[in-house]
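Read in full-length UniProt numbering, the sequence shown has 105 at position 105, and its numbers run on one by one without any break.
This report concerns only the one structure given below.
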Amino acid sequence: MNKVRSCPCPRKVLIISTPPNLRFLFSHPAHFVACGLGSGLSGFAPGTAGTLFAWASYVLIRPNFSDMGFAVFLLACFVMGVVACDRTGRDLGVVDHGAIVWDEIVPFWGALFFCPPYLLWQLGAFCLFRLYDITKPQPARYFDRQVKNGFGVMMDDVVAAGYTVLTLALAKRLLG
C-alpha cells in the first residue's frame, strides 16, 4: 500500500502512504475490522467517519446486551482491536494509518454507554470525543507517540473516551 520514492537528499527514502482500497479491506479479516467494516476508507476525515459509524451502530447493537454483557462485548472488541490494528498497521506500513478507525469505534461505544440516552447528550459526546481524539491530551499523547503497536493505537482513543465521559459527568453535575 506504500510507494517508496527516492528523495533528492542522499540516503533518505520517502514512504508515501496511499489510502487502502476495497481489495485491501477484504484481503484479511484484521483489515476489515481495523478499517471499521469499511468506514475507514472514507476519503474525507476517516476518524470522524468511523466515529459516526460507531454512533449509528451503537443504536443497533446496544439493545441486544445487558449492561454487563455490553461491558464484556466492549472488552472483547478492544482485545480484537489491538490485534487487528497491529496487523493492519504493519501491512499498511503506518502504525496508526488514518484508515484504521476501530480505535475510534470501540472507545466511542464505551463513551455512549456512559452517556445519557438523549440526542443532545450524544451529540455532545461525539464533539467532545473528536476534540479529545484530535488534541490528544496526556496520557493519550504518550500512547500515540510512544507505544507503536495495536495497543497504543487503541489506548489513545480509550483515553479520549475517558475524558469525554468525565466531561459529560461534570456537565451533567453542573446542569443538575
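All C-beta atoms in this analysis are idealised placements derived from N, C-alpha and C, irrespective of residue type, glycine included.
Segment limits, alpha helix (DSSP H) that includes residue i
i      : result
Val106 : 102-113
Arg90  : 67-92
Leu128 : 119-135
Leu41  : Per DSSP, Leu41 belongs to no alpha helix (DSSP H) and is neither H nor E.
8 Å Cβ cutoff met for residue i and residue j
i      : j      : result
Trp109 : Val33  : no
Gly50  : Ser39  : yes
Ile100 : Cys115 : no
Phe143 : Asp156 : yes
Val83  : Ala140 : no
Phe70  : Phe113 : yes
Pro154 : Gly81  : Note that residue 154 corresponds to Met in the displayed sequence, not to Pro. Yes. Within cutoff.
For residue j and residue i, the rounded distance between their alpha carbons
i      : j      : result
Gly36  : Gly176 : 36 Å
Leu128 : Ala111 : 10 Å
Ala96  : Ile105 : Per the sequence shown, residue 96 should be read as Asp rather than Ala. Near 14 Å, if we compare the C-alpha coordinates of Ile105 and Asp96.
Val72  : Asn21  : 32 Å
Gln146 : Gln138 : 12 Å
Ala125 : Phe26  : 31 Å
Ala76  : Leu92  : 24 Å
Gly150 : Ala161 : 17 Å
Thr167 : Leu120 : 14 Å
Pro19  : Leu174 : 43 Å
Phe53  : Pro46  : 10 Å
Val4   : Met68  : Confidence at Val4 is low in this model, with a pLDDT of 42, below 50, so the placement of that residue should be treated as unreliable; the coordinate-derived value is given next. Their Cα atoms are separated by approximately 47 Å.
Gln122 : Arg90  : 33 Å
Thr48  : Val94  : 19 Å
Pro8   : His28  : For Pro8, the predicted structure reports a pLDDT of 47, less than 50, and the residue's modelled location is therefore unreliable. A value from the coordinates is still provided. Each residue's Cα considered, the two are about 36 Å apart.
Lys12  : Leu74  : Residue placement at Lys12 is poorly supported in this model, since its pLDDT is 43, which falls under 50; the coordinates still yield a value, given next. The straight-line gap from Cα to Cα measures roughly 42 Å.
Cβ neighbour criterion (16 or more within 10 Å) applied to residue i
i      : result
Gly43  : exposed
Leu170 : exposed
Val165 : buried
Val59  : exposed
Ile15  : Residue placement at Ile15 cannot be trusted, given a pLDDT of 44 that sits under 50; the coordinates are not used to answer.
Pro117 : exposed
Any non-hydrogen atom of the ligand GTP within 7 Å of residue i CB
i      : result
Met154 : No copy of the ligand GTP appears in this structure; indeed no ligand is present at all.
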